Amino acid sequence: MRNENLKVFEKYVQDCQRLFCRAISNGPCKPLEKTPGSKGPVTTMQYVNNTLANQLDQDLNEVYLFHGTKKDRVEVLLQNGLDPRLANMNFAKLWLGSGVYAAEEANLSSRYTKADEQGVRTMFVMRVCLGDVFTTQNHMPELKRPPCKARCQTTCTEHNEFFDSVVGEFGQREFVVYESAKCYPEYVIHYTFPK
Numbered sequence: 503m504r505n506e507n508l509k510v511f512e513k514y515v516q517d518c519q520r521l522f523c524r525a526i527s528n529g530p531c532k533p534l535e536k537t538p539g540s541k542g543p544v545t546t547m548q549y550v551n552n553t554l555a556n557q558l559d560q561d562l563n564e565v566y567l568f569h570g571t572k573k574d575r576v577e578v579l580l581q582n583g584l585d586p587r588l589a590n591m592n593f594a595k596l597w598l599g600s601g602v603y604a605a606e607e608a609n610l611s612s613r614y615t616k617a618d619e620q621g622v623r624t625m626f627v628m629r630v631c632l633g634d635v636f637t638t639q640n641h642m643p644e645l646k647r648p649p650c651k652a653r654c655q656t657t658c659t660e661h662n663e664f665f666d667s668v669v670g671e672f673g674q675r676e677f678v679v680y681e682s683a684k685c686y687p688e689y690v691i692h693y694t695f696p697k
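Take the position in the sequence shown, starting the count at 1, then add 502; the result is the number in my numbering.
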């Protein structure tokens with residue numbers, strides 16, 4: 503099912519436009535696969551058909567990723583978007599801080615779902631604007647926003663240029679944005695596991 507929510511999508515587009523204006527001055531964002539420490543391009547993109555892929559801005563590292571959720575939260579998230587401030591409501595360990603988490607592998611996002619009485623689980627395919635990406639192999643649970651571009655090890659208050667997203671280069675990569683306007687829950691998938 504496709505989500506058609508103009509209010510949430512407009513916020514997403516405005517944030518992409520802000521990054522686009524920055525790219526006019528500073529040049530395009532470095533592709534994820536060329537970012538130091540990266541395992542390569544986002545694997546979900548190899549499965550996206552050309553019609554959808556052509557709607558994404560590669561210069562901004564705009565991609566499709568999975569996000570698992572509980573079925574009873576779907577309508578609220580579709581109406582309001584995902585709120586990174588609420589990330590720790592359900593999970594004790596947030597390896598990359600309080601943000602909106604997404605994955606390129608559906609099985610990772612599926613871990614964050616819960617089956618209803620009929621065994622149905624719910625996941626989003628989200629449009630995510632990664633922008634300038636910070637990659638790490640370390641857990642950084644204190645993050646409330648991406649690190650500064652000077653790569654300070656703590657929450658930086660001295661610099662004014664920050665990365666736009668964080669990619670945890672763990673066994674399965676986790677992608678995190680810290681502002682709700684950086685992602686748009688575009689599609690809803692309902693699924694079950696075979697018995």
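Note that beta-carbon positions come from the ideal geometry of N, C-alpha and C, so glycine has one too. Because the structure is a prediction, the values reported are computed rather than measured.
Same chain only: Cβ atoms within 7 Å of residue i, ignoring 5 sequence neighbours per side
| i | result |
| --- | --- |
| THR537 | VAL635 and THR637 |
| ALA617 | ARG623 |
| PRO648 | PHE636, PHE664, PHE665, ASP666, SER667, VAL668 and TYR680 |
C-beta atoms of residue i and residue j nearer than 8 Å
| i | j | result |
| --- | --- | --- |
| TYR680 | MET628 | no |
| SER611 | HIS569 | yes |
| VAL690 | VAL576 | yes |
| CYS631 | LEU521 | yes |
| LEU588 | PHE677 | no |
| THR694 | GLY599 | no |
| PHE626 | THR571 | yes |
| ASN556 | GLU688 | no |
| ASP574 | CYS518 | no |
| ALA683 | LYS513 | yes |
6 Å Cβ shell around residue i - same chain, five flanking residues per side excluded
| i | result |
| --- | --- |
| HIS641 | TRP597 |
| VAL602 | LEU584, PRO586, VAL679 and CYS685 |
Residues bridged to residue i [DSSP beta-bridge criterion]
| i | result |
| --- | --- |
| THR545 | Its beta-bridge partners do not exist; DSSP assigns none. |
| SER667 | VAL635 |
| HIS692 | THR624 |
| GLU676 | ALA605 and GLY670 |
| PRO687 | MET628 |
| ARG504 | TYR689 |
| TYR614 | According to DSSP, TYR614 bridges with nothing at all. |
| THR657 | BP columns for THR657 are empty, so no partner. |
| CYS650 | PHE664 |
Cut-off 8 Å between Cβ atoms - residues of its own chain near residue i, not counting five sequence neighbours on either side
| i | result |
| --- | --- |
| THR539 | Note on identity: in this sequence residue 539 is Gly, with Thr being the wrong assignment. The residues are THR637, THR638, GLN639 and GLU671. |
| LYS715 | Look at the range of the chain in this structure, 503 to 697, and you will see that residue 715 is not part of it. |
| PHE525 | For the record, residue 525 in the displayed sequence is Ala; it is not Phe. Once the five neighbours on either side are set aside, the close Cβ partners of ALA525 are CYS531, ASP561 and LEU562. |
Beta-carbon separation (whole angstroms), residue i vs residue j, contact threshold 8 Å
| i | j | result |
| --- | --- | --- |
| VAL550 | GLU606 | In fact, because the Cβ distance is near 11 Å, the residues do not count as touching under 8 Å. |
| ARG675 | LYS541 | 6 Å |
query = Which runs of the alpha helix (DSSP H) spanning at least 4 residues fall entirely within the stretch 565-598, listed in chain order?
reply = 576-582
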